[in-house]
Every structure is written in structure tokens, then in C-alpha cells.
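Chains as they are written, first to last, in this note's numbering: chain A, 99 to 667; chain B, 99 to 667. Note that CB positions come from ideal geometry on N, CA and C, so glycine has one too. Contents: one structure, followed by commentary.
There are 2 protein chains.
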Amino acid sequence: MKIVRVNMDTLQASFEEAPKEYELIGNRGLIAKILLKEVPPACHPLSARNKLIFATGPLAGTGVPTAGRLSAGGKSPLTGGIKESNSGGVVADALVEHEIKAIIIENKPKGAGLYALVIAPGKAELVPCDDLKGLGNYDTHRKLLERYGSKATVASIGPAGEMRALAAGIFTSDMEGLPGAVCARGGLGALMGAKGLKALVVLDGGEYTIPVKQPDRLKEALKKYHEVIRSTPQTAQVYPKYGTSPTIMTFNALGGLPTYNFRRGDFEFAEKIGAEALYTTITERGGEGNPTHRCMNGCPIRCYNKYPDSEGKLMVSPIQFETLAMLGSNLGIGDLDAICRLNCLCNDQGVDTVEIGVALGMAMEAGLLQFGDGAAAAGVVEGIGKGEALSRVLASGAVVTGKVFGIERVPAVRGQALPAHEPRAVKGIGVTFSTSAMGADHTTGVTFREKVDHQKPEGQVEASVRAQIKHAAFDTLGLCFFVGTAVQDPMLTVDLVNAVYGTDFGEEFWVQIAKDTLRAERAFNEAAGFTRVHDRLPEFFREEKLPPRNLVFDVPQEEIDRVWSELLK
Amino acid sequence: MKIVRVNMDTLQASFEEAPKEYELIGNRGLIAKILLKEVPPACHPLSARNKLIFATGPLAGTGVPTAGRLSAGGKSPLTGGIKESNSGGVVADALVEHEIKAIIIENKPKGAGLYALVIAPGKAELVPCDDLKGLGNYDTHRKLLERYGSKATVASIGPAGEMRALAAGIFTSDMEGLPGAVCARGGLGALMGAKGLKALVVLDGGEYTIPVKQPDRLKEALKKYHEVIRSTPQTAQVYPKYGTSPTIMTFNALGGLPTYNFRRGDFEFAEKIGAEALYTTITERGGEGNPTHRCMNGCPIRCYNKYPDSEGKLMVSPIQFETLAMLGSNLGIGDLDAICRLNCLCNDQGVDTVEIGVALGMAMEAGLLQFGDGAAAAGVVEGIGKGEALSRVLASGAVVTGKVFGIERVPAVRGQALPAHEPRAVKGIGVTFSTSAMGADHTTGVTFREKVDHQKPEGQVEASVRAQIKHAAFDTLGLCFFVGTAVQDPMLTVDLVNAVYGTDFGEEFWVQIAKDTLRAERAFNEAAGFTRVHDRLPEFFREEKLPPRNLVFDVPQEEIDRVWSELLK
Numbered sequence: 099m100k101i102v103r104v105n106m107d108t109l110q111a112s113f114e115e116a117p118k119e120y121e122l123i124g125n126r127g128l129i130a131k132i133l134l135k136e137v138p139p140a141c142h143p144l145s146a147r148n149k150l151i152f153a154t155g156p157l158a159g160t161g162v163p164t165a166g167r168l169s170a171g172g173k174s175p176l177t178g179g180i181k182e183s184n185s186g187g188v189v190a191d192a193l194v195e196h197e198i199k200a201i202i203i204e205n206k207p208k209g210a211g212l213y214a215l216v217i218a219p220g221k222a223e224l225v226p227c228d229d230l231k232g233l234g235n236y237d238t239h240r241k242l243l244e245r246y247g248s249k250a251t252v253a254s255i256g257p258a259g260e261m262r263a264l265a266a267g268i269f270t271s272d273m274e275g276l277p278g279a280v281c282a283r284g285g286l287g288a289l290m291g292a293k294g295l296k297a298l299v300v301l302d303g304g305e306y307t308i309p310v311k312q313p314d315r316l317k318e319a320l321k322k323y324h325e326v327i328r329s330t331p332q333t334a335q336v337y338p339k340y341g342t343s344p345t346i347m348t349f350n351a352l353g354g355l356p357t358y359n360f361r362r363g364d365f366e367f368a369e370k371i372g373a374e375a376l377y378t379t380i381t382e383r384g385g386e387g388n389p390t391h392r393c394m395n396g397c398p399i400r401c402y403n404k405y406p407d408s409e410g411k412l413m414v415s416p417i418q419f420e421t422l423a424m425l426g427s428n429l430g431i432g433d434l435d436a437i438c439r440l441n442c443l444c445n446d447q448g449v450d451t452v453e454i455g456v457a458l459g460m461a462m463e464a465g466l467l468q469f470g471d472g473a474a475a476a477g478v479v480e481g482i483g484k485g486e487a488l489s490r491v492l493a494s495g496a497v498v499t500g501k502v503f504g505i506e507r508v509p510a511v512r513g514q515a516l517p518a519h520e521p522r523a524v525k526g527i528g529v530t531f532s533t534s535a536m537g538a539d540h541t542t543g544v545t546f547r548e549k550v551d552h553q554k555p556e557g558q559v560e561a562s563v564r565a566q567i568k569h570a571a572f573d574t575l576g577l578c579f580f581v582g583t584a585v586q587d588p589m590l591t592v593d594l595v596n597a598v599y600g601t602d603f604g605e606e607f608w609v610q611i612a613k614d615t616l617r618a619e620r621a622f623n624e625a626a627g628f629t630r631v632h633d634r635l636p637e638f639f640r641e642e643k644l645p646p647r648n649l650v651f652d653v654p655q656e657e658i659d660r661v662w663s664e665l666l667k
Numbered sequence: 099m100k101i102v103r104v105n106m107d108t109l110q111a112s113f114e115e116a117p118k119e120y121e122l123i124g125n126r127g128l129i130a131k132i133l134l135k136e137v138p139p140a141c142h143p144l145s146a147r148n149k150l151i152f153a154t155g156p157l158a159g160t161g162v163p164t165a166g167r168l169s170a171g172g173k174s175p176l177t178g179g180i181k182e183s184n185s186g187g188v189v190a191d192a193l194v195e196h197e198i199k200a201i202i203i204e205n206k207p208k209g210a211g212l213y214a215l216v217i218a219p220g221k222a223e224l225v226p227c228d229d230l231k232g233l234g235n236y237d238t239h240r241k242l243l244e245r246y247g248s249k250a251t252v253a254s255i256g257p258a259g260e261m262r263a264l265a266a267g268i269f270t271s272d273m274e275g276l277p278g279a280v281c282a283r284g285g286l287g288a289l290m291g292a293k294g295l296k297a298l299v300v301l302d303g304g305e306y307t308i309p310v311k312q313p314d315r316l317k318e319a320l321k322k323y324h325e326v327i328r329s330t331p332q333t334a335q336v337y338p339k340y341g342t343s344p345t346i347m348t349f350n351a352l353g354g355l356p357t358y359n360f361r362r363g364d365f366e367f368a369e370k371i372g373a374e375a376l377y378t379t380i381t382e383r384g385g386e387g388n389p390t391h392r393c394m395n396g397c398p399i400r401c402y403n404k405y406p407d408s409e410g411k412l413m414v415s416p417i418q419f420e421t422l423a424m425l426g427s428n429l430g431i432g433d434l435d436a437i438c439r440l441n442c443l444c445n446d447q448g449v450d451t452v453e454i455g456v457a458l459g460m461a462m463e464a465g466l467l468q469f470g471d472g473a474a475a476a477g478v479v480e481g482i483g484k485g486e487a488l489s490r491v492l493a494s495g496a497v498v499t500g501k502v503f504g505i506e507r508v509p510a511v512r513g514q515a516l517p518a519h520e521p522r523a524v525k526g527i528g529v530t531f532s533t534s535a536m537g538a539d540h541t542t543g544v545t546f547r548e549k550v551d552h553q554k555p556e557g558q559v560e561a562s563v564r565a566q567i568k569h570a571a572f573d574t575l576g577l578c579f580f581v582g583t584a585v586q587d588p589m590l591t592v593d594l595v596n597a598v599y600g601t602d603f604g605e606e607f608w609v610q611i612a613k614d615t616l617r618a619e620r621a622f623n624e625a626a627g628f629t630r631v632h633d634r635l636p637e638f639f640r641e642e643k644l645p646p647r648n649l650v651f652d653v654p655q656e657e658i659d660r661v662w663s664e665l666l667k
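This is the structure in C-alpha cells:
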């Protein structure tokens, strides 16, 4: 397969053979290796030295379900550390059809011009697109599909990314050609903006497929794989019907749903934004709504959904748990329509709903807005593209918001805001947040499905390490982690690799690729100036009791330090 | 002598005996030792765990000229590292008259109330002063002197400090009872604000003096000391006549005067803001103006001045080189009145003119204001207390301004903006900025008076180390560094200590107290999460040629790394 190397200074793109050593890895693991090799870890994230990388996985397009995740990565403008963020959608599969394993965006354009990187069969070209300047992601996708055909797929930034707002994400095509599949976290949209790249456009017409060495073996492995997904209630019934929204009531019951700027773990209006309310609203309104849907071809899980307004017109797609919580309970907003409107605005402006959700919560507590005031929050989000100063502050994320407004209590680790997993109530995730190279990021190791008493300090370090390894393995193979809810036996996945590549790995392959990824990320961060001192949650999680259960985060720091001194070293 | 320990939680203050080990040190050195012992380096700077320390020096009130510097220190809200910032003025001498070596402000108040710490003979008391909320430093000082008598001295914060703006300083009484002597850098005003402390008020009536063990020896040593000051042109003629303003034309000639946001090293209107223009304007306008003046009793140098408006009414006092450059040439403002008006507003709102000068320069280059537009800059500074979002961003300093507006080119090191010393033209200061625990801070080691070719990379590391040691020694004895321009032989100073304390130290004492201070600061920062990776200037200083001499900073990084691996380890 190929790597496309794009020089934004000379505006040239060239193809090179992907090194053999990268054959069996992709996505997050591939990004970590390339960054460690090619980017000076101490560089300014917005500088020409940083690189933006898009990567696909080794099983994409082989018929393995959910293997078409698209990863974006680079030195994070938000955290100053390494960052990989991945999305579903259809862009990665389209890239693989053009035999593209990864795209490496280098340098910076000389002027302030904006470009689209257009991938056609055997060709990659930078096309000026100043006419898209300032456009939201919805219009950007629409215009690019008009220009390049409805079968093209797109990854774009909104005004937030163009302005290099630290909370900006990258918004990629879902199956309807809408920008609903998001590489949201870590400010990679700001990195794309700093490169002068408004969009990646992948034209239809690629004909490459990754050759399967042992098709019968793959068939057999896939059968087992599907069987496990079908026989696990979460992947067979819950996700397909409700998407990720049931976690609202689960966390509410655990007393761990971020509410009113992480002041409570339960929300008086939780039911109004929970799974049943969401499902009922979508089905009763009908129209363009759909409670269950795929974001990529062949996904058996279908956690995606389409939320219609009261007239049945599509409002946003998808609405997921993290957003329901961070733009809902965390802001005291108990109204699905208000949350979905905010979500739509965030997508259009191009910011991560988690990062700006936390920043909005802090601003509400500081009295700059009122809790529960969805209209005011919407005004702030709409103000990003208008360059309003308050909007720009909040679009710079939680840490900057804390600095500008003199706020001590900042729910963030290593520069990144906490997602909707309260580490006082689900303590293992606090270990993940503390030790992951990505900062506070649930996608690097959720523990709430691990077998451990979530509210006791014991066993959390081991639970987090297990989760971090599992996530890193899935992410390095480009698989959606929701499959991981069902797939407990690593060999179910390793067998897929063995079949496609004719290898005979055992479980050690799985652990190896995961640890390689984690270690490369840690090495990058160390060289970027992070130390063990950064491996900790903000003080208030240890000091401030979280109602209603009055929990604090009490996993001893020396236990947490074992993650990197023993368990992952 | 005593240490006053103030608990802002219980609102109690108590006196304790200063440990004997602190007898011969003060100010910056004392602060470093106390912080390293008492403050967890990884704590949030605005948290109850951080402490704000005021410290005096071992020679204050003994007749040694300039020995009455007041230091403030703590973990810096701006940089996240250790910070000490000192001012002239009369507060330190007043504290010593109450036998106070240091004041340690601990914890935080329970509510949002504001307090004044009032020091009276044998007594220290927290007095609510909510009536001063939101007041500028000028009104704050005026009201406190009305309340506590015109002989009281004050250290206060303005609205910026109350709002915990990261660029907030602490403004202390000069000899006229005006807040012109400033502990400006590192955001210690934000720390004072986080403690709920609006002001420190030292009442008249203290009768303590540090006992002089060998008065005759002191007389002899002082004679030599004064003789050197009198026989050095800089301290005998230049400072007394022009203050610090001649550095404008010196740096302009070297091509190292920060101009137009560090884009040039010379300014077409340099003469308009230089020493002769300043001197002529002050003397011609007369009235309350005065080109030469003391900020503290007995100072033979008199670099302070009073700048009158066109009616002869006092506009600001003093106007110093750093401010002339950072609010002048760096903003393209070639008008003394406009600069002095900005300086006055900064003092009143309570922000560091260097930090906000750099932030304003960045904002001007980003198109948010126009270069040269003093009125617009004044509007931004006035907006701080009004809570205007853009003002709050800029009052958060250069790094935050860069993050909010997606600016790669941020003239700052370790979180703190560069003062008016261009490291491309005076390369030794670049080594100081890179390696000092304080970040970019000229007061930790200016090299432009060192004997070295400033524009060649050779010898800069040694020049910086010499300067850093000298500054640390002066700062640890509480002496104004401007004396250091004359005092080349350390024994001139060590003899003063020997006379006062009856000791018989040689030059090694000088080096010892300096290195102890530097190492304690470095140790604090390491424990706060700083590494060698942070020991570097922003990339653009190495890459971007500075007109008119087209210089880059080219001291090799491995040479710079020797500062802490060999020279100061």
C-alpha cells in the first residue's frame, strides 16, 4: 500500500510505498510510529515541523466489520502531547480503495490560502478552495459533494479549525454524506487549519482491496467474530436499539454522570435525556429520524442514529452519549432538542462537543452564562466563526478557559478536558486519564465494563491497564472499540489478521502491538516535556465529595505510578 | 526576626521566630527555600496549597543603599513554575521596622470576601475590605492611606489581580505613597487575588532595626561601596539623569529593540521614546514632573522618575525602559504620552506592562488592533476590570493569547513573555531566558553589560551563568541590581554582610547563596513537571532573521544544556 506525502509549502503531493514494517498495523499505532520518527516532539504544534497524519487500518475493506475507522493524528495543539483521534464513517474505506495506508501532511502554505487535498485514482492533488473559507462543515461537505460527485467522501474542518481553535475537530463523511463521523478530540482540526487544509476529498473509483491470503480461514474467523457480536446483549440489542445513550442512566445510577460542571454525579433531568426518551422522541417524530443506523458499511452494531426536529426534519446525526452528557447534564440542560441543536452547531463550527462542553460548564459556574440556558450556549458556539472573544476562549478548551477566567477547578488532564466519565464514581477511568498519553480521553481505556467494583480504589490500576491495552490493540487495528464490548478473547481478532496476512500469531501479537503503541506515545510525550508529574487528576477529584454518593477519587497516586513503572514500561 | 504566617481560611495571623538558617539570606533566596519546603510543586497555583510569600533582605534598614527591595513569590499562576518578583519602594523597610523577615500567606478564604493584611507594632490582622473591590491600585492606595495614615505603606492588587488575571502584578508604595514600585512579573497578583488579599498595609511605628555587629567595619565597607557607585559612569551619571531609558537607543543601535511584535530590532521612532526625549519632555513640562528621583530611602542611583502631562500634572511614575519598549516600540507606538497613559492604566488595573505589552503586540499582528493605536490598546487595558473578554485574554499573557488566537509565534519561554531584550541581538540573554527557572525574565541575568560580543554565539553561556549568579546573589541579599552595574567585586557586598552579622565570609559566600537559590528554584520546577525540553527559546528566534541586522539566535542548544548539566548543577 501507499503513503501519500503532502507538502503544503510546495503544494505537491507524492506517493511512496508504505514500509513493510507497517503492514500489520494501522491507525493509532501507525500514527505513533510515524510521529516518533518524523516530528520533533518539542516543536510548536502549529508549526511547519508538526505533521497531520491520516491513517487507515490493516483490515479495512476486507469484510471485517468496523475495520474502516479513520484516524487523524499529530502533536496536539490542545495538549502539546501526541494525539490520535478516530472516527467511523466512510473515508477510510475509500482511502483503502485507492491503496492508501496513510496521508502525511507536512509544512505550511506560504500564504493564507485554503486547500482541498483531492485523492483520485493514482493521483493526489492540492486544489485551492478559498471559496469555502469560513464555511461550516455542513455546507463544506455539501459543496464538495456537488463539486466532486455524491460518491466522494470528505474530511473537513469548520471555522473553528480554520481559526486554529484548540478544541477544533475533523468532521468526516458518514454514509449519508454528512459530517457526522468526527475525529473530535485533541484539537486536530486546529492542526489541519494550521496546514491550510480545509478538506480531504476522496473521489469514487478506487479499485484496490487488501489481498486476503487465506480466504477460507477469514470466513471461519469472521463467522466466530459475528457470532460473538450476535450473542452479546450489548452489541446485539442495546447498541442497535439505543446507540450509546443508555450510559446516561447507567452513570446516573452510579452517581457518576457529570452534572453542573462536575459538581454532581446525578442529574434531576437524566431521564429526559436518556435512552428511552431519545428512542421515543426519534420514533414518535419519525420523518428523517432513525434510532438505529450504520456509520460505515457492514457494521453489525449500528450505534449511529438520526435525530429529527418536531417537524421530522433531520436535526443532527448522530447524537451520542458523550454529547448528551457534556452538552446536557454537565450544563444543566435537560432538553434533547436543545442538546441536539448545540451538537449540530458544534459540528458545523467544527468543535469537539466534549471539550467545549466542559468549557461551557466552567463558564456557567463562573457566571458568564446560566446553567440550563441552551440558547446562550448556542450563542457562544455560533460566535466562534464570528470571532467573538468569549467564543474563542471557550473554543480553546477547558484549560485555557480556566486560565482566562482565573478558575482553579479545571476538569482536565494533560491539557484535555474530561469526557463524561466521572473518575470519582468509576475510578478505573481516573487511572486511564492520569496515565494515558492522550490526557483525559475515554477512548484510551474505559473501565466501566471491566470486572471490578468501580467505586472502590482496589483493582483499578489493573483494570485500567487491561483496558488501555485492549483499546490500543483495537485502535492499532483500526477496529471500532464497540466491538470490544463483545470480543473478550483477543484471538478472535488476531485470527482475522492471521487469515488476511497469512500469519500465525497468538495472543502475544495483540499485546505486542498494543504495548508498542502505548510506549511510542509515552516516548513522544516524554520528549515533548511531559513527566510523571503530569500523571495525575486535578486535585479537586481527590478532595471534593461528589454527590449523591459523596465519592472522591482515592486510588493512591503511587499505585497509579505503577502503570508506567511496572505494567506498561 | 519574625515570620508572619497568615491563614486565609481561619483569617488568623501569627508570628513565629525566623529560623536561624535564614538569617543571612532574604528575598528571592528565602522564597525559594520556603516554597521548596512548604508548597507541593505540582499543586494548582490558584489552589489553597500554594502560598504567597513576601520577603525582605538581611541588609534592609542597615544603611546599605538599595537593600530594601521587597520580594513577592509563589508558584506562578502564569508559568506554573517558581516565581519571585521584586520591587523597590518603601514597604520592605517598613516591614523590617516591625521585625518582619517574611510573610507567608496560606490557604484561601471560604467566601468571596476581600481582605487587607494590616501590620501594626507586634500585630498582624486581616481586615475585611470589600469596599475596595474592583478599585484600581491608585484609588486603593489612596483610600488605604486615608484610612491608616499617610505614613502607612501598601502592597496591593488591582482588578486584574482580583480576577486572577495571569499577568497581574503587585503594586507597592513608592516614596510618594503611590503604587509605582511593582512586583510585576509572573502573575503574583493573581496569586494574591486567589488568596482574597487585596492589600498588605504596613503601619508606621515599627522601631526595630537589624543590629549591626561591627559598625566600624560597616562604615568602612559602605565607604568603599559608595565610592564604586560614585566612580562608575552608569550609576553616577546615566541612571541619575535618565533612569533606565537610555537602553532604548542602546538596543536600537544594536538592532535588538523589540519592535512591531519582535519583527524588527530597531524602531523608526526610537528617538521619540528614548532618553533625551524623555528627559527633555519631563524637564520642559516641569510641574509635578521630575527626571530623577529615588524609589526608596538612601538610594544613590535614583533611576525613578515622574512623568508629567502637558499641564505639568503627574501622569505616571516611574516610566522605565522595559515599559517604554514593550508598550512603545513593540506596539509601534512612538509617543511618550500614549505610552505613559498606557503605563498608568496598566498600573491602575494591575497588570505587568511587559506581559500585556507582548500580548498586545501579538494581538496587533493578528489584526485585532492596529499597530501604533495607543487609544485602542488603552481601551483593551481599561476593559480588564470591566470583564471584557478580549481584555481578559490579553491580561492572561502571551501564551494564552497565542492559544486563543491560534498564533504559533509566541515570544515567551516557560510560560512567560519576553521582556525588552531581543535574544537574537543580545544572545547571552537568550541563554538566561532558556535556562532560568523564571522563564523569560531579564531580572534573572541580563548580559548586555557583560564583556562578550553580544552578537556572536561564543561565550554567551558563560556570560549568562556569570550574570545569573550575580543576579541571584543580589536578589538573595535584597539589593537592587542596578548597584550591580557598578559593583563588580563580590567582596564589596560580602563585606557588608560580614560587618552587619560579624561573619568572615569570602567570595565563596556570594557564589554559595546564589547557587543555592538557583538550585532550589530548579528543583522546585523539576518537581512541578519542567524538564530540559523547556530550556529553549521559541523556534522563531532561531529561524527568523531580525532586521536590520538579520540576526538569528544561534547559541547551540547543547551549549545551553551545559548550563544545568555542568555549570550550575
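Hey, does residue i have any beta-carbon neighbour from chain B nearer than 8 angstroms?
i        : result
A:Cys444 : no
A:Met261 : yes
A:Lys52  : Examination of residue 52 of chain A is not possible in this model, given that chain A is present from 99 through 667 alone.
A:Ser174 : no
Starting from residue i, find everything on chain A with Cβ-Cβ shorter than 8 angstroms and list it in chain order.
i        : result
B:Leu230 : Those do not exist, as B:Leu230 stays about 18 angstroms from chain A at its closest Cβ, beyond 8 angstroms.
B:Ser408 : Within 8 angstroms Cβ-Cβ: nothing; B:Ser408 doesn't reach chain A, min ~34 angstroms.
B:Ser145 : Glu506, Glu637
Under a three-way DSSP split, which group does residue i fall into?
i        : result
A:Gly472 : helix
B:Glu223 : strand
B:Gln655 : helix
B:Leu145 : The sequence as given places Ser at residue 145 of chain B; Leu does not occur at that position. B:Ser145: coil per DSSP, three-state reduction.
A:Ser183 : strand
Of all Cβ atoms in chain A, is any one closer than 8 angstroms to the Cβ of residue i?
i        : result
B:His142 : yes
B:Glu506 : yes
B:Ala288 : yes
What in chain A is Cβ-close to residue i, meaning under 7 angstroms?
i        : result
B:Val491 : Ala487, Val491, Val502
B:Leu264 : Lys501
B:Gly627 : Thr629, Val631, His632
B:Ser494 : Lys501, Val502
In chain B, which residues lie with their C-beta within 7 angstroms of the C-beta of residue i?
i        : result
A:Val498 : Val498, Lys501, Val502
Using a Cβ-Cβ cutoff of 8 angstroms, what residues of the stretch 629-647 of chain A are near chain B? List them in chain order.
Answer set for the stretch 629-647 of chain A: Thr629, Val631, His632, Arg634, Pro636, Glu637.
Could you name each continuous beta strand (DSSP E) segment of 3 residues or more that falls completely within the stretch 533-599 of chain A, going from the start of the chain to the end?
As far as the stretch 533-599 of chain A is concerned, it has no whole beta strand (DSSP E) run of at least 3 residues.
By the 8 angstroms beta-carbon criterion, what residues does the stretch 511-523 of chain A contribute toward chain B?
Answer in chain order: no residues at all.
Against chain B: residues of the stretch 467-488 of chain A by CB proximity under 9 angstroms
Hits within the stretch, in order: Gly485, Glu486, Ala487, Leu488.
For a minimum of 3 consecutive residues, which ranges assigned as the beta strand (DSSP E) are wholly contained in the stretch 410-465 of chain B?
As far as the stretch 410-465 of chain B is concerned, its whole beta strand (DSSP E) runs of at least 3 residues are 412-414.
Entirely enclosed beta strand (DSSP E) segments - the stretch 218-273 of chain A, minimum 3 residues:
The stretch 218-273 of chain A contains these whole beta strand (DSSP E) runs: 221-226, 251-254, 268-270.
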